[in-house]
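Residue numbers for the sequence shown follow this note's numbering, beginning at 387 and rising by one. For reference, the structure is listed below as structure tokens.
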Amino acid sequence: MERVYMEKEENPYVVEAYDKHGDMEFQEAINLFGKAREWYVEKGLGLSSHDAIYYDNILRIGEMCYCIGNSARDKLGILLKENGDSSLQKEMEELAIENYKEAKLKYYMGVLHSPDRPEAYVELGNLYIKLAEYDEAEDALLVGYSLQPENQIICNNVASCYNYMGQYDKAIPYAKKAIKLSEENLEELKELLKKDEEEVSVEEVEAQIQALSAMNSNIGFLYFNEGKFKEAVVAFGNAIKYCPENDSAIESITYIANLEEDSVVPKEIIEEARIIAIGLEENTTGIDIGDNQIEFGDEE
């Protein structure tokens with residue numbers, strides 16, 4: 387998870403909480419995000435609801451609740467894999483839902499007061515997705531997109547929403563735009579890194595590459611579900627080119643490569659997938675997909 391908001395006076399618990407979540411120490415993260423939430427609650431006491439600072443604080447409380455929910459869900463995932471304590475599983479799911487609902491309320495209050503803040507609409511939309519309220523998620527995310535249409539994260543989140551709704555044809559244009567913007571951002575980061583600009587690190591460039599791999603993998607699934615099998619294979623290939631360890635893309639290419647030739651996927655597409663799969667076996671450091679690189683033009 388990445389922090390949504392930054393502040394002048396640092397909450398003493400937030401950084402460690404995010405670190406614990408990143409280290410998969412989810413119970414510690416839950417405890418620390420809870421302390422961070424209480425810190426913001428205390429800071430908000432006595433603030434006037436007519437003051438913009440009051441709503442900044444409300445949004446940060448919402449962020450902490452959202453993070454508690456995410457950590458609880460992630461801990462639940464581990465418990466389910468380990469076939470752990472069912473009562474603890476129930477407790478974690480209830481904790482997640484409770485905090486998602488509280489976060490939704492806080493973000494809603496924030497956007498009512500400051501309707502020009504795209505990040506608040508995006509977080510509100512993501513919360514609606516967590517609660518399986520997809521129509522509401524669509525509305526919130528599209529407002530965020532209208533305010534900041536050149537934001538790769540917002541484009542990606544809108545695509546994700548339509549994916550959850552099963553509306554793959556609507557998701558694809560936003561996913562394509564997210565990839566296009568991410569590619570442009572990656573090139574800018576690389577140029578800054580070459581110039582030894584202090585504000586850009588190797589880790590930041592690597593994170594953008596990882597994000598592009600995930601985005602290509604995701605659009606591959608969208609294409610496949612839409613029956614656009616050639617585009618799907620190319621997208622999965624792009625994902626692997628960016629990150630040869632992308633298990634999702636590798637599994638998808640392998641699946642297509644192993645299809646029977648009388649399947650719904652055309653024979654020549656299966657053969658393309660097999661070529662990529664063979665390349666994976668022969669070259670563990672990456673593959674050259676050459677002219678198959680998808681070109682992203684302007685959205686219609």
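Idealized CB from N, CA, C, for every residue including glycine.
Item to check | Simplified DSSP assignment, three categories, for residue 518 | outcome: As a first step, residue 518 is located in the sequence shown; it is residue number 132 there, counting from the start. Looking at residue 518 - three-state DSSP - the assignment turns out to be coil, as it is neither helix nor strand.
Checklist entry - Helix, strand or coil for residue 614 per DSSP? => result Within the sequence shown, residue 614 is the residue found at index 228, counting from 1. Of the three classes helix, strand and coil, the one that applies to residue 614 here is coil, per DSSP.
Checklist entry - Where do the ends of the alpha helix (DSSP H) carrying residue 423 lie? => result On the sequence shown, residue 423 is found 37 positions in, with the first residue counted as 1. From DSSP, the alpha helix (DSSP H) with residue 423 extends over 412-430.
Item to check | Proximal residues to residue 479 (C-beta, below 7 Å), its chain only, five neighbours per side dropped | outcome: Working through the sequence shown from its first residue, we reach residue 479 at position 93. These residues qualify, in order along the chain: 462.
Checklist entry - Of the residues 454, 442, 434 and 438, which one's Cα is nearest the Cα of residue 422? => result Stepping through the sequence shown from its first residue, residue 422 is reached at position 36. If we check each option's Cα against that of residue 422, 454 comes out closest.
Checklist entry - So is residue 606 buried or exposed if we call it buried at 16+ other beta carbons inside 10 Å? => result Against the sequence shown, residue 606 aligns to sequence position 220. Buried: at least 16 other Cβ atoms inside 10 Å.
Next on the checklist: So, for residue 615: in the same chain, excluding its five sequence neighbours on each side, which residues have a beta-carbon less than 6 Å away from its beta-carbon?
Outcome noted: For the purposes of this step, residue 615 is taken as the residue at position 229 of the sequence shown. Excluding sequence neighbours, residue 615 sits near 651 and 655.
Item to check | residue 508 to residue 526 span [Cα, whole Å] | outcome: Here the question's residue 508 lines up with position 122 in the sequence shown. Here the question's residue 526 lines up with position 140 in the sequence shown. Using only the alpha carbons, I get a separation of about 7 Å.
Checklist entry - Going by the CB atoms, is the gap between residue 541 and residue 523 shorter than 8 Å? => result Working through the sequence shown from its first residue, we reach residue 523 at position 137. Working through the sequence shown from its first residue, we reach residue 541 at position 155. Going by C-beta atoms, residue 523 is not nearer than 8 Å to residue 541.
Item to check | Length-filtered (4 minimum) alpha helix (DSSP H) runs lying within the segment 587-666 | outcome: 588-611, 615-628 and 633-643
Item to check | Length of the line joining the Cα atoms of residue 585 and residue 556 | outcome: In the sequence shown, residue 585 corresponds to position 199, counting from 1. In the sequence shown, residue 556 corresponds to position 170, counting from 1. Cα to Cα, residue 585 sits roughly 36 Å from residue 556.
Next on the checklist: Pop quiz: residue 538 and residue 504 are said to be a contact at Cβ under 8 Å. What is the actual Cβ separation, rounded to whole angstroms?
Outcome noted: Taking the sequence shown and counting its residues from 1, the one referred to as residue 538 is at position 152. Taking the sequence shown and counting its residues from 1, the one referred to as residue 504 is at position 118. Not a contact, Cβ separation roughly 12 Å.
Next on the checklist: Short of 8 Å in beta carbon distance, which residues of its chain neighbour residue 517, apart from the five on each side in sequence? Order them along the chain.
Outcome noted: Taking the first residue of the sequence shown as 1, we reach residue 517 at position 131. Closer than 8 Å at Cβ, skipping near neighbours: 483, 486, 487 and 490.
Checklist entry - What whole-angstrom Cβ distance do residue 344 and residue 568 have, given they're in contact under 8 Å? => result The first residue shown for the chain is 387 and the last is 686, placing residue 344 beyond what the model contains.
Next on the checklist: My assumption, with CB atoms under 8 Å, is that residue 608 sits in contact with residue 561. Please give the rounded CB distance.
Outcome noted: Here residue 608 refers to the residue found at position 222 when the sequence shown is read from its first residue. Here residue 561 refers to the residue found at position 175 when the sequence shown is read from its first residue. For residue 608 against residue 561, the beta-carbon gap comes to about 6 Å, under 8 Å, which counts as contact.
Checklist entry - Roughly how many angstroms lie between the CA atoms of residue 629 and residue 664, to the nearest whole one? => result As a working note, residue 629 is residue 243 in the sequence shown. As a working note, residue 664 is residue 278 in the sequence shown. If you draw a straight line from the Cα of residue 629 to the Cα of residue 664, it is about 17 Å long.
Next on the checklist: According to DSSP, simplified to helix, strand and coil, what is residue 399?
Outcome noted: Taking the sequence shown and counting its residues from 1, one reaches residue 399 at position 13. Coil.
Item to check | Bounding residues of the alpha helix (DSSP H) (the contiguous stretch that carries residue 543) | outcome: Position 157 of the sequence shown holds residue 543. Taken as a continuous stretch (DSSP letters only), the alpha helix (DSSP H) holding residue 543 covers 538-550.
Checklist entry - Can you tell me whether DSSP reads residue 503 as helix, strand or coil? => result Counting from 1 along the sequence shown, the entry for residue 503 is found at position 117. Coil, per DSSP.
Next on the checklist: DSSP three-state label for residue 407, please.
Outcome noted: In the sequence shown, residue 407 corresponds to position 21, counting from 1. It is helical.
Item to check | Rounded C-alpha distance that separates residue 552 from residue 434 | outcome: Counted from its first residue, the sequence shown places residue 552 at position 166. Counted from its first residue, the sequence shown places residue 434 at position 48. About 43 Å.
Next on the checklist: Could you compute how far the alpha carbon of residue 426 sits from the alpha carbon of residue 439?
Outcome noted: The residue given as residue 426 occupies position 40 in the sequence shown. The residue given as residue 439 occupies position 53 in the sequence shown. The alpha-carbon atoms of residue 426 and residue 439 are separated by roughly 11 Å.
Next on the checklist: In whole angstroms, give me the CA-to-CA distance for residue 649 and residue 642.
Outcome noted: Your numbering for residue 649 matches position 263 in the sequence shown. Your numbering for residue 642 matches position 256 in the sequence shown. Cα to Cα, residue 649 sits roughly 10 Å from residue 642.
Item to check | Same chain, Cβ closer than 6 Å to residue 444, neighbours up to 5 away in sequence not counted | outcome: As a working mapping, residue 444 is identified with position 58 in the sequence shown. Counting only Cβ-Cβ distances below 6 Å, and skipping sequence neighbours, we find 492, 495 and 496.
Item to check | Alpha carbon of residue 621 to alpha carbon of residue 531, nearest angstrom | outcome: Within the sequence shown, residue 621 is the residue found at index 235, counting from 1. Within the sequence shown, residue 531 is the residue found at index 145, counting from 1. When rounded, the distance between both Cα atoms is 24 Å.
Next on the checklist: My output table needs one value for residue 456: the three-state DSSP class, helix, strand or coil.
Outcome noted: Taking the sequence shown and counting its residues from 1, one reaches residue 456 at position 70. The answer is helix: DSSP assigns residue 456 an H, G or I state.
Checklist entry - Can the beta-carbon of residue 407 be found less than 8 Å from the beta-carbon of residue 457? => result Here residue 407 is taken as the residue at index 21 of the sequence shown, counted from 1. Here residue 457 is taken as the residue at index 71 of the sequence shown, counted from 1. Closer than 8 Å, so yes.
Next on the checklist: Could you compute how far the alpha carbon of residue 631 sits from the alpha carbon of residue 446?
Outcome noted: In the sequence shown, the residue the question calls residue 631 occupies position 245. In the sequence shown, the residue the question calls residue 446 occupies position 60. About 35 Å.
Checklist entry - So, are the CB atoms of residue 587 and residue 635 less than 8 Å apart? => result Against the sequence shown, residue 587 aligns to sequence position 201. Against the sequence shown, residue 635 aligns to sequence position 249. Contact: no.
Checklist entry - Would you call the CB atoms of residue 565 and residue 598 closer than 8 Å? => result Along the sequence shown, read from residue 1 onward, the residue named residue 565 stands at position 179. Along the sequence shown, read from residue 1 onward, the residue named residue 598 stands at position 212. In this structure, residue 598 lies closer than 8 Å to residue 565 by Cβ.
Next on the checklist: On the DSSP letters alone, give me the boundaries of the alpha helix (DSSP H) that residue 435 sits inside.
Outcome noted: Walking along the sequence shown from the start, residue 435 turns up at place 49. Element bounds for residue 435: n/a, residue is neither H nor E.
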